[in-house]
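Student:
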Amino acid sequence: VVWANKHMRTVTNIFIVNLAVSDIMLCGLAVPFTPLYTFTGHWMFGEIFCHIVPYAQGTSVYTSTLTLTSIAIDRFFVIIYPFQPRMTIWTTAQIIATIWIFSLVATLPYGIYMANKEMYGKDFCEETWPQETFRKIFGAITAILQFVLPFLIIAFCYVRVWLKLNDRARCKPGTSTKNARREEVERERKSRTNRMLIAMVTIFGVSWLPLTAINLLNDFYLQTATWKHYYLFFFSAHAVAMSSTCYNPFLYAWLNENFRKEFKQVLPCWRNGSGYGTTRSDEEKKRRERVDGYRSERTCNGNDTCQETLLPTSIVLPSGRTTATTDCTGLDLVDGLMMGDQEDNQDAVEVMLVAYTREDGISGRSNLQQNSIKTQV
Numbered sequence: 001v002v003w004a005n006k007h008m009r010t011v012t013n014i015f016i017v018n019l020a021v022s023d024i025m026l027c028g029l030a031v032p033f034t035p036l037y038t039f040t041g042h043w044m045f046g047e048i049f050c051h052i053v054p055y056a057q058g059t060s061v062y063t064s065t066l067t068l069t070s071i072a073i074d075r076f077f078v079i080i081y082p083f084q085p086r087m088t089i090w091t092t093a094q095i096i097a098t099i100w101i102f103s104l105v106a107t108l109p110y111g112i113y114m115a116n117k118e119m120y121g122k123d124f125c126e127e128t129w130p131q132e133t134f135r136k137i138f139g140a141i142t143a144i145l146q147f148v149l150p151f152l153i154i155a156f157c158y159v160r161v162w163l164k165l166n167d168r169a170r171c172k173p174g175t176s177t178k179n180a181r182r183e184e185v186e187r188e189r190k191s192r193t194n195r196m197l198i199a200m201v202t203i204f205g206v207s208w209l210p211l212t213a214i215n216l217l218n219d220f221y222l223q224t225a226t227w228k229h230y231y232l233f234f235f236s237a238h239a240v241a242m243s244s245t246c247y248n249p250f251l252y253a254w255l256n257e258n259f260r261k262e263f264k265q266v267l268p269c270w271r272n273g274s275g276y277g278t279t280r281s282d283e284e285k286k287r288r289e290r291v292d293g294y295r296s297e298r299t300c301n302g303n304d305t306c307q308e309t310l311l312p313t314s315i316v317l318p319s320g321r322t323t324a325t326t327d328c329t330g331l332d333l334v335d336g337l338m339m340g341d342q343e344d345n346q347d348a349v350e351v352m353l354v355a356y357t358r359e360d361g362i363s364g365r366s367n368l369q370q371n372s373i374k375t376q377v
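Residue numbering for the sequence shown follows the UniProt record's numbering, beginning at 1 and increasing consecutively.
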C-alpha cells in the first residue's frame, strides 16, 4: 500500500511499515521454533540455527519495541508542539536505520554465546557465557532496554497527549445547533481517542510483562526449569507476547482511515464485491462535512505535512473566506488523534492528526529455559 501510493509515504506510514517488517520477522522465527523446542524437550534444528534463530528473534523484538517508542515520541511532538516542524522522511529513514543497527549490536551476544550441546542423548540450544555474572548483567540490561524504558516513554507520551485532549475539550463552542452537533462529534472523537491511548499502553504492558518477568527469573534463578508448571507458564507468557503482533496491524494500520482505504483498493474482493469505492466528489464532500465549522490557518513544515490551528466555531467558506464567532483556538485532533495523516481539499484543508494506537509495543526479551538451558523466544 505504502510503496504503491506516493501520497502514503509519510512519516507515520514508514514507521508502520518498519513495525510490520519486524512483527513478521518475529512471528516467522518465534512461532515455529519456540513451541517445538518447548514441547519436544530438545533442539532439532542444528548448530547454525541455534545461533541464527535467537539472534534474529532478539533483533526483531528490539526493532519492534524501538519502533513503537519512536511512534509515541513522534505523536508526542506533533500534538504537544504542533507548530514545530515535524521530522522529515529522510530523518525517519535515519531513525529506522539506527534502530536496526542498534538492535543487531545489542543482540549480538546471542549470536556469539548460543551453542548446540548434547546432554542426556538430546541436543539443546543454550547460552554459554564465560561467567554467570555476564548472563545476569545482559539479562537485566535487555529487560530495561526492551521493556521497562520503552514502556515508561510510551506511557509518558500518551498520557501527555491525553491531557492535551482534555485541555482541548475545555474550549467550549457556542450554543448554536451546528456548534452543538459539532461538540457532540468532538466528544465522541475524544472518547474514542482516550480508549485507543489506553489500549496502546495497556496492550504494550500486558503483552510483554509476563515474559519479561520469566526471563529475569531464568537469568537470576536458574532452577526455574525444575518448577512443576514452568513450561505451562512459559508457553502462556510466550503466547501472550506473540499475540501482540496480531493486535498491531489493527491498532496502527487498520484504524488509520487513509491506510484502510488504500488497503481495500489493493484487495480485489473489497474493491469489486464489498460495495467499496466512492467517487472523488463523494470523498471531498465527506471531508468538507468533517471540517465544517473550522477555520484553518495552514503552516507547512517542509515535509509535505501541514500543521494547523483551528478556530472551533469558524466556518470554511468555498471562496476561502472564514467567519469566526469565538476566539477560542485549539488543535483539532481529528478521528481520535491516532495516525497523523493529512488530506487536502480544494476548498478546505482537513488535518488528520491521528496518533498511533498499538499494542503497542513489543518488548521484553523472550527466551526458553530447558533444564537450565535457554534459547530466545
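Glycine included, each C-beta is placed from N, C-alpha and C at the ideal position. Bear in mind the structure is a predicted one, so any value in this text is a computation, not a measurement.
In or out: residue 379 buried (at least 16 other Cβ within 10 Å) or exposed?
Tutor: The structure shown does not extend to residue 379, since the chain is modelled only from 1 to 377, so the question has no answer here.
Student: DSSP three-state call for LYS228: helix, strand or coil?
Tutor: Three-state DSSP puts LYS228 in coil, outside helix and strand.
Student: Which of the three DSSP states, helix, strand or coil, is assigned to PHE45?
Tutor: DSSP places PHE45 in coil when its eight states are reduced to three.
Student: Should SER70 and ASP23 be called a contact, given that it needs their Cβ atoms to be closer than 9 angstroms?
Tutor: The answer is no: Cβ separation not under 9 angstroms.
Student: Secondary structure at residue 380, three-state DSSP: helix, strand or coil?
Tutor: An answer regarding residue 380 cannot be provided, because it is not within the stretch 1 to 377 covered by the chain.
Student: Please classify MET200: does DSSP put it in a helix, a strand, or coil?
Tutor: In this structure, MET200 counts as helix in the three-state DSSP scheme.
Student: Excluding the 5 residues preceding and the 5 following SER115 in the sequence, name in chain order all residues of the same chain whose CB lies nearer than 6 angstroms to its CB.
Tutor: Reading off the sequence shown, one finds Ala at residue 115, where the question assumed Ser. Cβ neighbours of ALA115 beyond the five flanking positions: THR128.
Student: Identify, in the order they occur along the chain, each residue of the same chain with its Cβ nearer than 8 angstroms to the Cβ of PHE102, setting aside the five sequence neighbours on each side.
Tutor: Excluding residues within five positions, the ones whose Cβ falls inside 8 angstroms are TYR62 and LEU66.
Student: Is the stretch 193 to 203 touching the stretch 139 to 148, taking contact as three or more C-beta pairs under 8 angstroms?
Tutor: No, the stretch 193 to 203 is not in contact with the stretch 139 to 148.
Student: Can you give me the start and stop residues for the beta strand (DSSP E) that MET25 sits inside?
Tutor: That residue, MET25, is in no beta strand (DSSP E); its alpha helix (DSSP H) goes 11 to 30.
Student: So if DSSP puts ASN116 in a beta bridge, which residue, or which two residues, is it bridged to?
Tutor: Per DSSP, CYS125.
Student: Return the CA-CA distance between THR88 and VAL11, expressed in angstroms with no decimal places.
Tutor: About 7 angstroms.
Student: For MET25 and PRO82, what's the separation of their Cα atoms in angstroms?
Tutor: Each residue's Cα considered, the two are about 34 angstroms apart.
Student: State the CB to CB distance for the pair TYR55 and THR107, rounded to an integer number of angstroms; the pair is presumed to be in contact (CB under 8 angstroms).
Tutor: Confirmed, about 6 angstroms.
Student: Less than 9 angstroms between the C-beta atoms of PRO35 and PHE235, yes or no?
Tutor: In contact: PRO35 and PHE235 (Cβ atoms closer than 9 angstroms).
Student: Restricting to Cα atoms, I'd like to know which of TRP227, LEU211, MET119 and ARG189 is closest to SER243.
Tutor: Selected option, being the one with the closest Cα: LEU211.
Student: Measure the alpha-carbon distance for VAL185 versus SER191 and round it to whole angstroms.
Tutor: Taking the straight line joining both Cα atoms gives about 10 angstroms.
Student: Please say whether GLY41 and TYR110 have beta carbons closer to each other than 9 angstroms?
Tutor: Cβ distance not < 9 angstroms, so TYR110 and GLY41 don't count as in contact.
Student: Any idea if PHE220 is buried or exposed, counting beta-carbon neighbours within 10 angstroms, 16 or more meaning buried?
Tutor: Answer is exposed; the Cβ neighbour count stays below 16.
Student: Determine whether the beta carbon atoms of LEU68 and ILE154 lie at a separation below 9 angstroms.
Tutor: Yes. Within cutoff.
Student: Roughly how many angstroms separate the alpha carbons of SER64 and LYS122, rounded to a whole number?
Tutor: For SER64 and LYS122, the distance between alpha carbons rounds to 33 angstroms.
Student: Between GLY139 and the rest of its own chain, which residues show a CB-CB distance below 8 angstroms, the 5 nearest in sequence each way excluded?
Tutor: Around GLY139: ASN215, LEU216, ASN218, ASP219, PHE220 and ARG365.
Student: What residue from ILE79, VAL105 and TRP100 has the CA that sits closest to ASN18's CA?
Tutor: ASN18 has its Cα closest to that of TRP100, out of ILE79, VAL105 and TRP100.
Student: Can you look up GLN94 in the DSSP assignment and give me helix, strand or coil?
Tutor: In the structure shown, GLN94 sits in a helix (DSSP, three-state: H, G or I).
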